[in-house]
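Each remark here refers to the structure printed beneath this line.
Residue numbers (the UniProt record's numbering): 1 to 83.
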């Protein structure tokens with residue numbers, strides 16, 4: 001299963017990883033993966049092929065000790081639990 005390599009910030013205040021962009025694609029080289037360069041153009045069995053990317057490979061480019069913006073808003077409104 002091919003995977004997206006993403007870059008983002010890890011927020012230690014809440015534990016969330018906030019994605020900034022996709023920097024690359026990891027090619028699994030599996031002919032049964034629709035996202036792979038090895039998937040044949042004339043594939044006749046798309047219903048058995050993997051159509052989605054696997055879990056992101058997260059590359060942490062910045063560390064923040066505050067909670068992410070969504071958690072700040074949620075906590076300020078009294079919703080959600082703090083870690």
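Heads up, the beta-carbon is just placed ideally off N, CA and C, and yes, glycines get one too.
- Here residue 8 is buried, its C-beta having at least 16 other C-beta atoms within 10 Å.
- Considering only 75, 56, 61, the residue with the shortest C-alpha distance to residue 4 is 56.
- With 16 or more other CB atoms across the displayed protein chains lying within 10 angstroms of its CB, residue 6 is buried.
- The way I'd put it, the region 39-48 doesn't touch the region 60-74; fewer than three beta-carbon pairs between them come closer than 8 Å.
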